[in-house]
Amino acid sequence: MSNLIEIQSQIEKLQKQASEIKTREFHKTVQDIQAKMQAFGI
233 MSNLIEIQSQ IEKLQKQASE IKTREFHKTV QDIQAKMQAF GI
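In our numbering, the protein residues as written are 233 to 274.
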(Lines of atoms letter the chains of each structure in order from A; the text may use other names.)
(Lines give C-alpha, C1' and ligand atoms only; values in the text may rest on other atoms or scores of the structure.)
Protein backbone atom coordinates (compact mmCIF):
# COMPACT_ATOMS: atom_id res chain seq x y z
CA MET A 233 0.00 0.00 0.00
CA SER A 234 1.26 3.48 -0.88
CA ASN A 235 2.07 5.91 1.83
CA LEU A 236 0.90 9.50 1.98
CA ILE A 237 4.12 10.99 0.58
CA GLU A 238 4.00 8.70 -2.47
CA ILE A 239 0.36 9.53 -3.10
CA GLN A 240 1.01 13.26 -2.77
CA SER A 241 3.88 12.94 -5.25
CA GLN A 242 1.59 11.14 -7.69
CA ILE A 243 -1.07 13.83 -7.24
CA GLU A 244 1.50 16.54 -7.97
CA LYS A 245 2.64 14.78 -11.16
CA LEU A 246 -0.94 14.25 -12.32
CA GLN A 247 -1.85 17.87 -11.64
CA LYS A 248 1.12 19.00 -13.72
CA GLN A 249 0.09 16.67 -16.55
CA ALA A 250 -3.49 17.94 -16.34
CA SER A 251 -2.29 21.53 -16.53
CA GLU A 252 -0.16 20.80 -19.59
CA ILE A 253 -3.03 19.00 -21.33
CA LYS A 254 -5.42 21.84 -20.50
CA THR A 255 -2.99 24.36 -22.01
CA ARG A 256 -2.58 22.30 -25.20
CA GLU A 257 -6.32 21.81 -25.58
CA PHE A 258 -6.96 25.52 -24.98
CA HIS A 259 -4.53 26.53 -27.72
CA LYS A 260 -5.94 23.91 -30.08
CA THR A 261 -9.48 25.17 -29.44
CA VAL A 262 -8.46 28.80 -30.01
CA GLN A 263 -6.79 27.84 -33.30
CA ASP A 264 -9.91 25.93 -34.35
CA ILE A 265 -12.15 28.91 -33.55
CA GLN A 266 -9.85 31.30 -35.41
CA ALA A 267 -9.83 29.03 -38.47
CA LYS A 268 -13.62 28.85 -38.46
CA MET A 269 -13.91 32.62 -38.05
CA GLN A 270 -11.58 33.12 -41.00
CA ALA A 271 -13.53 30.60 -43.09
CA PHE A 272 -16.75 32.52 -42.41
CA GLY A 273 -15.16 35.95 -42.83
CA ILE A 274 -15.69 36.98 -39.23
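We put the beta carbon where it would ideally sit given N, CA and C, even for glycine. For clarity, every value in this text was computed on a predicted model and none was experimentally measured.
First and last residue of the alpha helix (DSSP H) that includes residue i?
i    : result
I265 : 236–271
Residue i and residue j: beta carbons closer than 9 Å?
i    : j    : result
Q242 : S251 : no
Who are the Cβ neighbours of residue i in its own chain at under 6 Å, not counting the five residues just before and after it?
i    : result
K260 : none
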